[in-house]
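Sequential numbering of the sequence shown, starting at 557, is according to the working numbering. The structure appears right after this line, and notes come after that.
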Amino acid sequence: CGRGLSEGTGHVAAISGFASRGARWQVFGPDGQAEQSFGITSDLWPQPEGWQGAQASTSGIPISVSLLTFFADGSPRRSEAPQASGFGPRVATVAPDPAGGAALAWWGPTGPGQDPSCAGEVRRFDTTGAPSGSPGATGCNVGALGVSTGGEALVLEPIVAGTTTIRWLRPDGSPATAPSQDAFAGFGQLLPLLDGSLVLVQGAYTRRYPHLAATSEPAPAWLVARNGQTFRFTRGDAGYAFFP
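What follows is the structure in structure tokens.
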């Protein structure tokens with residue numbers, strides 16, 4: 557009953573079962589023959605060759621997250637379990653790079669106490685699952701993470717009174733722009749659009765973040781008209797395919 561995805565070499569992965577957290581995926585070759593299967597707690601992200609997903613711990617502080625990369629037939633290719641730089645992560649989120657690879661954002665306290673300071677960072681991984689660039693510094697309370705078609709990671713950090721810090725980070729971890737403040741509570745799922753912008757989903761398409769912009773704007777009408785539908789880029793990034 558689960559959906560299917562295709563990667564760059566013609567293999568297809570389909571959900572074959574659900575667990576309390578995540579799903580199990582069965583891979584089929586271009587000839588339709590069943591190949592390997594695996595389970596992950598995140599969504600599955602097709603690569604030019606193979607697949608990526610994340611496996612997160614179910615309990616414990618600090619949390620642990622592993623980025624898992626699979627060959628096209630579903631066999632294991634690489635597992636990376638990054639360690640945070642000087643803080644104990646309590647919240648983590650992972651987002652795919654539309655060009656392949658992934659970004660991981662996490663944050664947590666830097667020491668013990670009732671009101672300790674905290675820190676956060678973004679880690680990047682390439683299509684093979686290998687770490688790339690350097691950790692990019694963020695603040696705390698990351699509400700959404702996405703990667704643009706230009707390669708920059710967009711981090712939204714909601715703060716007081718519905719205001720959000722907008723942070724753009726290059727693939728090498730350096731800031732692409734100075735952090736800015738936006739008068740909208742930025743939490744949910746960020747999805748890349750073909751023009752380099754990202755759209756925020758909060759049960760519906762709500763806000764658009766133009767490429768490297770300091771503020772957001774209402775989601776475009778053509779997306780709002782398709783609320784309740786998901787989309788993927790068509791072959792060659794020529795347009796969008798929507799799914800009910």
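Backbone N, C-alpha and C define an ideal beta-carbon position, used for all residues, glycine too.
Endpoints, beta strand (DSSP E) assigned at ALA658: In the sequence shown, the residue the question calls residue 658 occupies position 102. Looking at the DSSP string, the run of the beta strand (DSSP E) that includes ALA658 is 658–665.
Cross-strand partners of PRO586 (DSSP beta bridge): Taking the first residue of the sequence shown as position 1, residue 586 is located at position 30. Beta-bridge partners assigned by DSSP to PRO586: none are found.
For the alpha helix (DSSP H) holding ALA732, just list the boundary residues, first then last. For the purposes of this step, residue 732 is taken as the residue at position 176 of the sequence shown. Premise fails: ALA732 is in no alpha helix (DSSP H) and is neither H nor E.
Within 10 angstroms of its Cβ, does GLN603 collect 16 or more other Cβ (buried), or is it exposed? As a first step, residue 603 must be located in the sequence shown, where it is residue number 47. Label assigned to GLN603: buried.
Give every residue of the same chain whose Cβ lies closer than 7 Å to the Cβ of ALA741, excluding the five residues on either side of it in the sequence, and list them in chain order. As a working note, residue 741 is residue 185 in the sequence shown. Cβ within range, chain order: PRO714, GLY718, THR720.
Quick check on DSSP: helix, strand or coil for ALA717? Mapped onto the sequence shown, residue 717 falls at position 161. Here ALA717 sits in helix by DSSP.
For the beta strand (DSSP E) containing LEU561, list its first residue and its last residue. If you number the sequence shown from 1, residue 561 lands on position 5. It spans 560–562 - the beta strand (DSSP E) in which LEU561 sits, taken as one unbroken run.
Are the Cβ atoms of GLY689 and ARG726 separated by less than 9 Å? Mapped onto the sequence shown, residue 689 falls at position 133. Mapped onto the sequence shown, residue 726 falls at position 170. Yes, the pair counts as a contact, with Cβ atoms nearer than the cut-off.
Closest to THR625 by C-alpha separation, out of SER613, GLY595, ILE617, would be which residue? Within the sequence shown, the letter at position 69 stands for residue 625. Residue GLY595 is the option with its Cα nearest to THR625.
So within the segment 561–643, which uninterrupted beta strand (DSSP E) runs reach at least 3 residues, ignoring any that extend past its ends? 568–574, 579–584, 590–596, 601–603, 606–612, 621–626, 632–636
Give a yes or no on contact between the segment 727–746 and the segment 634–642, applying the rule of three or more CB pairs nearer than 8 Å. no
When the Cβ atoms of the segment 744–763 are set against those of the segment 679–687, are three or more pairs found closer than 8 Å? no
For the putative contact between GLU765 and LEU710, defined by C-beta atoms under 8 Å, what is the C-beta separation to the nearest angstrom? To locate residue 765, count along the sequence shown from 1; it is residue 209. To locate residue 710, count along the sequence shown from 1; it is residue 154. Correcting the residue identity first, residue 765 is Tyr in this sequence and not Glu. Between the beta-carbon of TYR765 and that of LEU710 there is about 6 Å, and that keeps the pair under the 8 Å contact cut.
Taking the straight line between their C-alpha atoms, what separation do you get for ALA781 and VAL757? On the sequence shown, residue 781 is found 225 positions in, with the first residue counted as 1. On the sequence shown, residue 757 is found 201 positions in, with the first residue counted as 1. So the alpha carbons of these two residues sit roughly 13 Å apart.
What's the call for GLY564, buried or exposed, on a 16-neighbour Cβ count within 10 Å? Within the sequence shown, residue 564 is the residue found at index 8, counting from 1. Its Cβ having fewer than 16 others within 10 Å, GLY564 is exposed.
When the Cα atoms are used, what is the spatial distance from SER704 to SER772? Along the sequence shown, one-based indexing puts residue 704 at 148. Along the sequence shown, one-based indexing puts residue 772 at 216. Each residue's alpha carbon lies about 15 Å from the other.
Determine whether the beta carbon atoms of LEU600 and LEU561 lie at a separation below 9 Å. Translated into positions along the sequence shown, residue 600 becomes position 44. Translated into positions along the sequence shown, residue 561 becomes position 5. Contact flag set, yes.
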